[in-house]
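Accompanying notes for the structure given below.
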Amino acid sequence: MIPSPRAVLFDLDGTLADTIEDLGGAFNRVLESHGYPVFPVERYKTMVGNGFLALTRRAIPPEAAADDTLVERINAEAEELYSEHFLDLTRPFPGIPELLTALSGRGVLLAVLSNKPDRMVKRIVRSLFPERDFFVTEGNKPSMPHKPDPTAALSIVAHSGIPSSEWCFVGDSGVDMKTGLAAGMLPLGAVWGYRSREEMTAGGAAALLEAPLDLLRYFDSPGSFVPRR
């Protein structure tokens, strides 16, 4: 018997918010300044998800990615430029504000966990959802490993007082699904996001959500949910 969920941990990019135009635009400007090839913004949807430094290594040419000092410098440039423009075009996905309102009305605890730098995550969430009271909004910090390591997710669970078995993890990537599984949560894939159904299923998604409001059925009729085998 699956317990009735009492809390949801959300990914940010590709789940709560469509951030790709600002992120891809900033990276392309930095790449161009170094004389490196740029990417169609849509391509960044397949490159994000493992943190800023990993994205930098993927975006620059292989010979540059082999130089750790250069990688760190380009990464710092990209972070600085993105931090000046990460709210230019970024918006919540359609249905997300309504979902958060509905969950809050049901007394569900809400939290955010992203591999993006912590200060950026906090500013984006605060700006996009000013009326929403998230229990925790957390990005990557030096003291915590990136997802799919479950350390940060388990820390959120421990501070909440709600068992991980009563949490859903909603994200749009295999990394998110693996994180949710490793933390003992119910991993649910966000089809409206950046990654494929196949990636989320391979990562361990218990189910795929076609639209944000589909999540409500796990709170309104938890007994009707049958996980994937």
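When we follow full-length UniProt numbering, the leftmost residue of the sequence shown carries the number 1, and every step to the right adds one.
All C-beta atoms in this analysis are idealised placements derived from N, C-alpha and C, irrespective of residue type, glycine included.
This one's a predicted model, so the numbers in the text were calculated from it and none came from an experiment.
Considering only their Cβ atoms, is the gap separating W192 from residue 242 smaller than 8 Å?
Given that the chain is displayed from residue 1 to residue 229, the structure contains no residue 242 and the question cannot be resolved.
Does DSSP put T19 in a helix, a strand or coil?
When DSSP states are grouped into helix, strand and coil, T19 belongs to the coil group.
Which parts of the segment 12 to 58 are runs of the alpha helix (DSSP H), unbroken and 4 residues or longer, counting only runs that do not cross its ends?
Runs found: 20 to 33.
Cβ neighbours of L103 in the same chain (closer than 8 Å, five flanking residues each side left out):
Within the same chain, L103 has close Cβ partners V8, L110, L215, L216 and F219.
Helix, strand or coil at V226 according to DSSP, with G and I counted as helix:
The pLDDT assigned to V226 is 47, lower than 50, so where the model puts this residue is not dependable, and the model offers no usable value.
Among P145, P61, E72 and S33, nearest to S114 - alpha-carbon criterion
Residue P145 is the option with its Cα nearest to S114.
Please state whether DSSP places P187 in a helix, a strand or coil.
If DSSP states are grouped into helix, strand and coil, P187 belongs with the strands.
Among the residues of its own chain, which have a CB less than 8 Å from the CB of V226, if the five just before and after it don't count?
With a pLDDT of only 47 at V226, under 50, the local geometry of the prediction cannot be trusted, and the value read off the model is given with reservation. Only residues of its own chain outside the window of five on either side were considered, and among them none has a CB closer than 8 Å to the CB of V226.
Quick check on K178: does DSSP put it in helix, strand or coil?
Helix.
Check for me: the alpha helix (DSSP H) holding G105 runs from which residue to which?
Residues I96 to G105.
Would you mind reading off the limits of the beta strand (DSSP E) that contains A7?
Membership of A7 in the beta strand (DSSP E) is indicated by the continuous run A7 to F10.
For the segment 146 to 154 against the segment 116 to 123, do three or more pairs of beta-carbon atoms, one drawn from each stretch, fall closer than 8 Å, so that the two count as touching?
No, the segment 146 to 154 does not touch the segment 116 to 123.
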